[in-house]
Every structure is written in structure tokens, then in C-alpha cells.
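Position 56, counted from 1, in the sequence shown is what this note's numbering calls 161; the numbers after and before it change by one each time, with no gaps.
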Amino acid sequence: MRYSPDHKAQTRQRIIKEASVRFRRDGIGATGLQPLMNALSLTHGGFYAHFTSKDELVEKALQAAGAQLDAHCEMLFSQERPLEAFIDNYLSPWHQTSPGEGCPLPTMSAELGLRGQPSATTDAVLGARLKQIEAALGDGRGDAAGLMVMSTLVGALVLARSVEDSALGLRIMEVVRESLKTLLQDDKKADQ
């Protein structure tokens with residue numbers, strides 16, 4: 106059977122897309138190459154025709170997740186109240202229950218840090234959010250406010266996802282979401 110000239114590139118992209126979802130949803134260590142390839146009706150051995158190692162796939166999957174997040178955040182940060190839209194979306198029930206589709210930072214960055222494998226792509230994903238937050242604030246506070254916002258959002262989402270009591274998970278997100286918005290509003294008023 107003859108494949109189209111771009112078949113290999115398309116297959117590589119399918120693997121990256123599936124890995125991006127699974128790494129965010131299940132974790133890097135828990136995602137085996139054989140089940141990943143089987144889910145795509147591909148052979149485990151065929152993986153090495155596309156990637157030199159799982160670490161290479163992790164980096165490519167993180168880049169894909171970052172690009173997906175970038176596109177989503179472009180929409181959020183184009184709204185009238187961009188920072189509120191971003192905070193509300195980040196700490197939403199959808200994001201809590203859809204880790205395979207959401208921001209890679211709560212799942213992948215924690216695992217990469219534990220494995221001692223920091224990623225320049227993590228820096229890029231975080232850096233893009235910091236720039237958007239700083240632009241939304243528009244008050245020249247530098248990256249300190251952006252770092253506080255992102256660290257708080259990521260931490261709250263990790264906690265909300267990890268508790269057994271779903272009401273507590275929702276409460277964590279609600280309290281942090283409203284506290285962050287109030288804090289940012291109060292800081293903005295104090296600067297005026």
C-alpha cells in the first residue's frame with residue numbers, strides 16, 4: 106500500500122496530538138508508548154520512525170498544548186474584561202474536569218519538575234501568559250503581578266482537581282477566583 110507524500114508528517118502530528126491530551130490528562134509517566142500507539146492503530150515499534158525518544162515526544166506534546174492554550178487565550182484576552190475572563194475560565198468546572206484539553210502547567214510542569222527535566226517550552230507557555238496578564242493590567246507593575254496570578258491559578262486548579270469532595274473543589278476555585286479578582290481590582294484602585 107502506497108502512502109501519500111505527507112503521510113509520515115500527518116502520522117507524527119496525530120501522535121503528538123494524542124500524546125498532548127494523554128500527558129495532560131494522565132501524566133507523562135503513566136502514559137505508556139504502547140497504549141498511546143495502539144489508540145492510534147499504530148505499532149509500538151513505529152514510534153521510533155517519528156521520534157528518537159519519549160522525551161522528544163513530551164517536548165513536542167507540550168509545545169502542541171501550549172499552542173492550543175495560546176489560541177484559547179487569544180480569544181479570552183480579546184474580551185472587554187480580559188483578565189476576569191481568563192481567571193473565570195481557568196478556574197472553571199470545565200477546566201477542573203478536562204485536564205486533557207486545558208492548560209498543561211498544572212499537570213505537566215509538576216511532573217517535569219519532579220523528574221528533574223525542566224522545559225524551555227514550559228518557560229514559553231508561562232511567559233506568554235505573563236505577557237497577556239501584564240498587558241491586561243496595563244499599569245506597569247511588571248511581571249510580579251502576572252507571576253502571582255499564574256502561580257495562584259495553577260495551584261488552585263491542582264488542589265481543586267486533587268480533592269475527593271467535589272463541593273470542596275468547586276469552593277477552592279470559587280474562593281481563589283473571587284479573591285484574585287478583588288485583589289487585582291483593589292490594587293488597580295490604589296494605583297489610581
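Glycine included, each C-beta is placed from N, C-alpha and C at the ideal position.
Item	Value
Of the residues Glu189, Ala265, Leu141, the one placed nearest Pro198, counting alpha carbons only	Ala265
Ranges of the alpha helix (DSSP H) found wholly within the region 211 to 254, counting only runs of at least 4	215 to 219, 225 to 242
Assigned secondary structure, Asp270 (DSSP; H/G/I helix, E/B strand, else coil)	coil
Between the CA atoms of Arg186 and Cys178 - distance to the nearest angstrom	13 Å
Buried or exposed by the 16-neighbour rule on C-beta atoms within 10 Å, applied to Thr202	exposed
Own chain residues within Cβ distance below 7 Å of Ala261, not counting five before or after	Leu196, Ile277, Met278, Val281
Contacting residues, own chain, Cβ-Cβ under 8 Å from Pro223 (five flanking each side not counted)	Leu217
Proximity below 8 Å, CB of Ala154 to CB of Glu123	no
Distance between beta carbons of Gly171 and Thr226, contact taken as under 8 Å	6 Å
Terminal residues of the alpha helix (DSSP H) in which Arg119 lies	112 to 131
Cβ pair Ile238, Leu162 closer than 8 Å	no
Runs of beta strand (DSSP E) lying entirely within the region 126 to 168, each at least 3 residues, in chain order	none
Closest by C-alpha distance to Gln173, when choosing among Gly205, Leu275, Ser158, Gly245	Gly205
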